[in-house]
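Structure, as structure tokens:
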């Protein structure tokens with residue numbers, strides 16, 4: 069098993085490096101992603117006909133899962149940070165007002181439906197169900213997906229404007245965020 073993995077790795081190493089770069093996986097994260105692929109290879113070795121091809125496909129899938137998890141972590145962190153800051157007591161109202169103004173300026177640059185979703189979420193404090201009802205989404209899942217894309221886009225635009233809401237949060241690849 070180990071020799072089959074080593075020979076397959078030797079054959080496809082340049083391709084694996086290109087896959088990691090294409091998905092913008094940082095070097096420190098690449099080790100974890102590759103480790104997952106290697107473990108999966110060892111578990112499924114008996115049923116793998118083409119080890120080299122399998123490694124490439126498995127790495128692509130694992131990179132895609134990694135990026136999706138990174139976007140989810142970014143969404144969760146930004147959403148929690150915005151909700152926490154915007155819900156601060158009145159003694160910190162200048163900080164709250166400054167952030168709210170900054171967020172709303174960026175929100176106004178976005179296209180619909182992101183603009184409406186973010187105003188409902190962060191200015192009016194609506195929950196996902198209320199957003200889905202207000203904007204006519206057929207399900208909570210579709211509202212959640214749209215909200216995540218919009219929050220990721222908001223975070224990306226705020227970061228470009230110099231406002232880092234969540235230090236060290238993973239940034240989504242440009243192709244993962246809807247154009248606002």
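Numbering (my numbering), first residue to last: 69 to 248. For every residue, glycine included, the Cβ atom is placed at its ideal position computed from N, Cα and C.
Chain-order list of residues whose beta-carbon lies under 8 Å from that of residue i (same chain, five-residue window excluded)
| i | result |
| --- | --- |
| residue 188 | 194, 198, 199, 202 and 203 |
| residue 205 | 199, 211 and 214 |
| residue 208 | 196, 197 and 200 |
Residue burial classification, residue i (beta-carbon count within 10 angstroms, cutoff 16)
| i | result |
| --- | --- |
| residue 130 | buried |
| residue 148 | exposed |
| residue 211 | buried |
| residue 82 | exposed |
| residue 138 | buried |
| residue 167 | buried |
| residue 127 | buried |
| residue 76 | buried |
| residue 192 | exposed |
| residue 243 | The predicted model places residue 243 with a pLDDT of 37, which falls under 50 and marks its position as unreliable; any figure quoted below should be read in that light. Result: exposed. |
| residue 132 | exposed |
| residue 85 | exposed |
| residue 110 | exposed |
Secondary structure of residue i, DSSP reduced to three states
| i | result |
| --- | --- |
| residue 93 | coil |
| residue 227 | helix |
| residue 252 | The question about residue 252 has no answer here: the residues shown for the chain are numbered 69 through 248. |
| residue 194 | coil |
| residue 116 | coil |
| residue 206 | coil |
| residue 82 | helix |
| residue 74 | helix |
| residue 219 | helix |
8 Å contact criterion, which residue i and residue j should meet: CB distance rounded
| i | j | result |
| --- | --- | --- |
| residue 72 | residue 119 | 6 Å |
| residue 223 | residue 146 | 4 Å |
| residue 106 | residue 135 | With a Cβ gap of about 19 Å, residue 106 and residue 135 do not count as contacting. |
Residues of its chain near residue i, where Cβ-Cβ distance is below 7 Å and the 5 sequence neighbours each way are ignored
| i | result |
| --- | --- |
| residue 98 | 88 |
| residue 143 | 216, 219 and 220 |
| residue 231 | 170 |
| residue 174 | 222, 225, 226 and 229 |
| residue 125 | none |
| residue 333 | Any question about residue 333 goes unanswered here, given that the chain covers just 69 to 248. |
Cβ neighbours of residue i in the same chain (closer than 6 Å, five flanking residues each side left out)
| i | result |
| --- | --- |
| residue 116 | 122 |
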